[in-house]
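Taking this note's numbering, I'd label the letters of the sequence shown as residues 29 to 952.
Note that CB positions come from ideal geometry on N, CA and C, so glycine has one too.
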Amino acid sequence: MTDPFGTEVLRTSVLAAWRGSPTRFREDANAEEDLRLGGYRDRLLVELAQNAADAAGDEPGVLRITLVDGELRAANTGAALTEAGVAALASLRASSKESGVGQFGVGFAAVLAVSDAPRVISTSGGVEFSAERTRAEVPELASERGGDVPVLRLVWPVEETVPDGFSTEVRLPLKVDLALEDLAEEVPDLLLALPGLRRIEVGSESWERFVTADGVVTVGSARWLVERTVGELPAELVQGVEHRPQWTVSWAYPLEEPLGEDVLHAPTPTDERLSLPARLIATLPVEPSRRRILPGPAAWSVLDAAAEAYPALIARVPAIERTALVPLPGFPLSEVDDRLRTALLRSLRASAWLPLASGEWIEPSRARVLDVGSEELVDLVEDALPGLLDAELSAPVHAKALAALEVPRVTTAEVVAALSGVSGDPGWWRDVYAAFAPLAEVDPDVREALQSLPVPLADGRTVTGPRTTLIADEPLPGLRVVHPDAVHPLLVRLGAVEAGATELLADPSLRENVARSLEDAEAGLDGEDLIETVLRLVDRAGVRADEEPWLGALALPDSGGEWHRADELLLPDSPLVGVVEADAFPLLSKEIAETYPRAALVAVGVVDGFSLVVDDEPAGPDHDLPDESAWWSSMPDEPRRVVAVRDLDLVADWPAALRLLASDPVTWRAVAEPDGYTGWWIARHASLAGKAPREYRLAEAALLDGLFDTVPDLELAEHVLRAAGVRSRLEIWDDDDAEFVLDRLGDADRVIADAVVLRAYAALPEGDFAPPERVRVLSGVVAAAEDVVVLDHPWLMGVVPASRVLLADGSVELADLLDLALASEEFDGLPDHVGEVVSWRDLGAVRKACELLEVELPDGVVMVHDSLFVDGQRVEWWMVDGVPHAADTPEGLSRALAWVAGRWDDRHSFAALISDPTAATLLG
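This is how it looks when you write it as structure tokens:
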């Protein structure tokens, strides 16, 4: 049998030492006995897992635990057994690993709790230890101790095969009963504590550790944020016989739900109850029972190291959630809990992890928090109150944690006292007042404390308290007039007297600088400082787009280095790129776009998407919108509100523009607003396949056929097409649209059904549109308007040629709208014969027809003619001074009857019933 690890030399050396000095044998036996009796089986898996993790190297390894023929086997991946490793295993005082095998003198000796003949099989060879073989080597020495010998001092070679996929396997013939279920309970905690392992298999069960890029460890269904650190005890604190007694500390913070009451893991669970927000898994010296830690300098040193590592865990949690990891006041659950809580709070107070308003970090020992605060207030007073925490930490949810850290709370009175020595400009003071205003509105104590606020005056002085100050449009010599830039309603709330109204404007010098910034930039002056000042101020103040239109004058460079007003530039990644004309907007410098917040750039006017004009009290069409005057004048009443999309006249790709407008609820409301400017302009001036949307109809709007073309397929939703002005029904919006429809009706090349023409003329609204030059007539053709009349009396149909009658229900109003003559103005006449005077009641067929239609029979008479002629033209009926004349035909009598009965729409029913006055005719 080969001996790749030189075990014979090791045995010879040990045996020589024992035989030469029996005392050395007894020392080794006693040392191993101490380890064996203190090892207990619940330490076994810990040591096997630690060995596997040490062997894994840079790539996390796998540990498999199985029971095979009475042997507990632990196979692991990673580095194979080495000669130095064998020497370490056979020595109670040395280790070949930097991190050691186990901690505090336990190490590999933990296997002795379950086996007297451990073997270590590796791809590089194998070795075995045996109490029986050791006794055979030194029977005299063994008999002195009743057969009790050190097992892990004499080592022999062995030839066995490692399972596929593994590099080493520890094989332990069991001398005690052992259940895999007992070992399995420890696995999740071990995977948390040992990053050198990625999977542990125990029998048929398997647990895997996953670590994300942000340091989150997942074991099974639990997700933990883990902070791990290692170290080595000072030599004077070492217990046991480990050559390199290192410790490991892992803090594990559960991300799914609070931890609740827990126990210290060392690394297996102990009985040391803890009330901490995170789990502590640490290699600590423990009592032989494994239930309690072994008190003493070594344990306290590791716990202190754990406390020092705790801030690193907190620093990995989002700033606003960090206070959740602070141990809150309460009765400690154990001595260890008390010691840890005290150490943690001490460590947390001394570490910089709380967020300042400035975005930096500070130690709780140097921090303070506003008792009642807001982000604006914190930003304003942080210079006067060094160490002031972010405003969100003023919320009640953080109060207990900050109290535990002894972070003082700053009252409003203390803030005011700190501000008394600040020499801020008037505009800054106004921001201070604005930040205090919401607090003063609801809290009388705040209002009382604010009575000592400094107030800057127009003459340069600063006084204490607003109660004796005045607010006036102009400075008044000798009076305590508030500087106009500092005026805020809070001052009035606190007792300042309003002496006149004033507009609250931004700093005048800043406005002046912005107004001339383009001129300065083009003259070669450096504008970077102004850009920095304005954009950072806008970002901090939360100014929204269009809130401060004067900011649009700020000079900014384009992608080629040329300077422009901010409101003339387009963001490089704006969705409008490719939608508007290429030369519509220069692109903003990429450096500027990447340096400053997008919201700030948009607030100063840089174009990002379609922007709105919103005016709740418009005085006229003065919003610099294309064709705004035409829209304004088209409204029957002056608009009471203007909400419009800007720059529509710069669009190059209208289908894309409409999709973009529809994707934003804000711009879409402007498009779809009834009688709004945006929809009005798009319908007339947008271009869909070369035509304005109002020139099209939806495919299903067949009743508009001929008058409007079917909209082509542009992959636009129907509601988008409707809002853009594509017709779904016959509706004439205004004078301009009336002229458009009349032009279509007068187009001789269009084939339009009579029904469509009738509806179109009937839909014309009252207005002031230009009359048409050509119109549709009853003969179906288009005729010059000057040759066409409106049929204002239906009986004139018999004497007016169809080629001269407008194809519409005639009325005086329609004639006025279209500037057409009335038929009654150009055609007149009298019947050629007097006719026979007949009472309506004497006409049996008429009487029956009225009965069937439930129409009251007219009083009076009708002049009946065998054949009715007017000025030589044959007609069916006629009216003379209110007296009807009718040919003795159903057509003549029915029309005369319908007219005098006021039932003109029933004339055709009357004709049918006069011809056959029966119920069958009515019902059929």
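Residue i (DSSP reduced to helix, strand or coil)
i: Lys876; result: helix
i: Leu433; result: coil
i: Thr105; result: coil
i: Lys203; result: coil
i: Arg544; result: coil
i: Thr94; result: strand
i: Ser379; result: coil
i: Gly452; result: coil
i: Trp906; result: strand
i: Glu526; result: strand
i: Tyr705; result: helix
i: Ile620; result: helix
i: Ala956; result: What the structure shows of the chain is the stretch from 29 to 952, and residue 956 is not part of that stretch, so it cannot be assessed.
i: Trp659; result: helix
i: His747; result: helix
i: Glu255; result: strand
i: Leu678; result: helix
i: Asp733; result: strand
i: Leu553; result: coil
i: Ile149; result: strand
i: Leu598; result: strand
i: Asp56; result: helix
i: Arg572; result: coil
i: His861; result: coil
CB of residue i within 8 Å of CB of residue j, strictly
i: Leu361; j: Arg437; result: no
i: Leu598; j: Ala631; result: no
i: Gly737; j: Glu723; result: According to the sequence provided, residue 737 is Asp. The question's Gly does not apply to it. Yes, they are a contact pair.
i: Leu322; j: Ala306; result: no
i: Pro392; j: Leu433; result: yes
i: Ala441; j: Ala477; result: yes
i: Val204; j: Val139; result: no
i: Leu312; j: Ala294; result: yes
i: Ser639; j: Asp574; result: yes
i: Val635; j: Leu653; result: no
i: Asp471; j: Val400; result: yes
i: Leu222; j: Leu253; result: no
i: Pro216; j: Trp235; result: yes
i: Val183; j: Val114; result: yes
i: Leu716; j: Arg755; result: no
Beta-carbon contacts of residue i that lie in its chain and below 7 Å, excluding the five residues immediately before and after
i: Ala790; result: Ala836, Asp837
i: Gly85; result: Gly106, Ala107
i: Ser937; result: Leu881
i: Leu806; result: Ala830, Val833, Leu835
i: Ser922; result: Arg935, Phe938, Ala939, Ile942
i: Arg568; result: Asp407
i: Gly175; result: Arg163
i: Pro454; result: Pro484, His511, Asp513, Ala514
i: Trp46; result: Arg52, Phe53, Val166, Leu169
i: Pro625; result: Asp567
Inter-residue CB distance, residue i and residue j (contact presumed, cutoff 8 Å)
i: Gly707; j: Val699; result: 5 Å
i: Pro603; j: Gly637; result: 6 Å
i: Leu842; j: Val818; result: 6 Å
i: Leu382; j: Leu304; result: Rounded, the Cβ-Cβ distance is 19 Å, inconsistent with contact.
i: Val155; j: Thr40; result: That pair is no contact at about 15 Å.
Beta-carbon proximity list for residue i, same chain, < 6 Å, skipping 5 on both sides
i: Arg226; result: Pro88, Arg237
i: Asp643; result: Val670
i: Phe797; result: Asp763, Ala766, Glu767
i: Ala170; result: Arg163, Val177
i: Glu260; result: Gln274
8 Å Cβ shell around residue i - same chain, five flanking residues per side excluded
i: Leu356; result: Lys428, Ala429, Ala432
i: Ser545; result: Gly555, Leu558, Ala581, Leu582, Ala583
i: Leu519; result: Tyr461, Val483, Pro494, Thr497, Ile499, Val510
i: Leu447; result: Val409, Ala412, Val460, Leu481, Pro482
i: Glu531; result: Annotation note: pLDDT 30 at Glu531 (below 50); position unreliable, coordinate value reported separately. The answer is none, since no qualifying residue turns up.
*In the stretch 319–389, which residue ranges form an unbroken alpha helix (DSSP H) of at least 4 residues, counting only runs that do not cross its ends?*
Listed in chain order, the complete alpha helix (DSSP H) runs (minimum 4 residues) inside the stretch 319–389 are 325–342, 363–378.
*In the stretch 782–842, which residue ranges form an unbroken beta strand (DSSP E) of at least 3 residues, counting only runs that do not cross its ends?*
Correct list: 802–804, 810–812.
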